[in-house]
């Protein structure tokens, strides 16, 4: 230790003698610097001479943990790293990848020009997950990006460059149960119950023959649903098809259950096996209100005269989607006087439906086209003789207009199951109905 002090004192003397013209203040400052250097030098020497401490370089091995639902499904190549992040507001792909340790212009160029890979740029919404495997030098080894219900987009480095492919979702399937009570709206109740919008929209279509979701809902109505889902590579739950559902509207319980026969082709039925598929939907718009009903005499708001109103007017915001109420052939799509943009569909058994005042038609819609029930045909507008955005909807039987909500409109197709087919149906759907009973029972118990 005496040797350390001697070296430090010598260093201090050397610093102070480097400029003989320094004044007292400078001398004090130099002394302070020298003292500081002495302390640093002393500490360094002390650690350098401490027994048992090696100064040999110790290699560090980075550890990257895979945070997916199935940690064993993705294994990094030796010498590479797997990281997962999500798109942030204002992110570019280059910035996102750089944040994850990727610095590879060739990979960015490939993604920007490849017909499959460039959809990443179109779907980079905030919160969207992305997973990369990269080498220590920043080269991209592979990239995985969720592409909606189509699966996962994979970009991979090969010996000859990069490739892109679309792979299906993982094999982890789930069945989810949920229930809700309506206080303000169906979608608000579904959000409170954690039900995705895609499942809620299925729910409205499933019960659209029995319930007018704008006029019929009441506070206190309840619904229960059992639906399938897939857990993807990013630990996201992707909702799928409804397996069973119940709606209690104004005290009336309505149930539907999905069944796919051995011959293929699935459909929804009542728990007893009665076909529930509607011949004609109750409304061509999911959520609307009737502003003018079917009548023999109505004061026309534009013509200012009393005349028959041979249809119903459904108020809805401009751009609201309009769907075909049943399978049909398009007989007319164009402009027609007071109707403005109008579509006429021809259905079986001499039935036609008319849709007027549209703001636009569905892309590619033309006379002679075959369409199916629920297909998009156009959008609500106020073209022609209209004082506000709404849909004028007519229902004709053999050329004569009838009230679209009247008893003449056929509601259900005759697809009842009987005999052996019904026995198979009851056996196959029993588990879904038991789950529906369970989720409904848990909801009742919470309110008792």
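Numbering (my numbering), first residue to last: 158 to 605. Don't be surprised by glycine CBs; every beta carbon is placed ideally from N, CA and C. Predicted model only: the values in this text are computed from it and were never measured.
Between the alpha carbons of residue 484 and residue 268 lies a distance of about 42 Å. Rounded to whole angstroms, the Cβ separation of residue 334 and residue 383 is 5 Å, and the two are in contact under 8 Å. Taking 7 Å as the cut-off, the Cβ atoms of residue 515 and residue 495 do not count as close. Residue burial is scored here from C-beta neighbours: residue 545 has fewer than 16 other C-beta atoms within 10 angstroms and is therefore classed as exposed.
By the Cβ criterion, the region 575 to 594 is not in contact with the region 307 to 324, since fewer than three pairs of Cβ atoms, one from each stretch, lie closer than 8 Å. A straight line joining the alpha-carbon of residue 553 with that of residue 508 spans about 6 Å. If only uninterrupted beta strand (DSSP E) runs of at least 3 residues are considered, those enclosed by the region 487 to 572 are 497 to 503, 508 to 515, 533 to 536, 547 to 554 and 557 to 559. Sequence-distant partners of residue 284 (beyond 5 residues in either direction) whose C-beta falls short of 8 Å from its own C-beta, in its chain, are 243 and 244. In the displayed model, residue 582 falls within a helix according to three-state DSSP.
If the five residues before and after residue 265 are omitted, its C-beta is found closer than 7 Å to the C-beta atoms of 250 and 251, all from its own chain and listed in chain order. Leaving aside the five residues that flank residue 597 on each side, the residues in its chain whose CB is nearer than 7 Å to its CB run, in chain order, 336, 381 and 403. In the displayed model, residue 355 falls within a helix according to three-state DSSP. Membership of residue 419 in any alpha helix (DSSP H) is not indicated, and neither H nor E is assigned to it by DSSP.
Taken in chain order, the unbroken stretches of beta strand (DSSP E) that lie wholly in the region 287 to 344 and span 3 residues or more are 297 to 303, 309 to 315, 318 to 324 and 329 to 338. In terms of Cα proximity to residue 419, the closest of 529, 593, 578 and 376 is 578. Of 521, 408 and 531, the smallest CA-CA separation from residue 436 is found for 531. For residue 591, the closest C-alpha among the options 400, 386 and 473 is that of 400.
Sequence-distant Cβ neighbours of residue 355 in its own chain, meaning closer than 6 Å and more than five residues away, are 396. Ranked by Cα distance from residue 533, the first of 325, 289, 253 and 480 is 480. Excluding sequence positions up to five before and after residue 258, its CB lies within less than 7 Å of the CB of 238, 240, 291 and 295, all in the same chain and listed in chain order.
The alpha-carbon separation between residue 469 and residue 374 amounts to approximately 20 Å. For residue 400, the enclosing beta strand (DSSP E) begins and ends at 394 to 406. Three or more pairs of CB atoms, one per stretch, sit closer than 8 Å, so the region 357 to 372 contacts the region 405 to 416. Counting along the chain, no beta strand (DSSP E) covers residue 254; the unbroken alpha helix (DSSP H) around it starts and ends at 250 to 256.
Of the candidates 512, 489 and 504, the residue whose Cα lies closest to the Cα of residue 472 is 512. In this structure, residue 537 lies near residue 548, with their beta-carbon atoms less than 7 Å apart. Annotated as proximal: residue 286 and residue 391, with beta-carbon spacing under 7 Å. Residue state for residue 410 is assigned as strand, using DSSP reduced to three classes.
Residues of the same chain with a CB within less than 6 Å of the CB of residue 361, apart from the 5 flanking positions on each side, are 370 and 443 in chain order.
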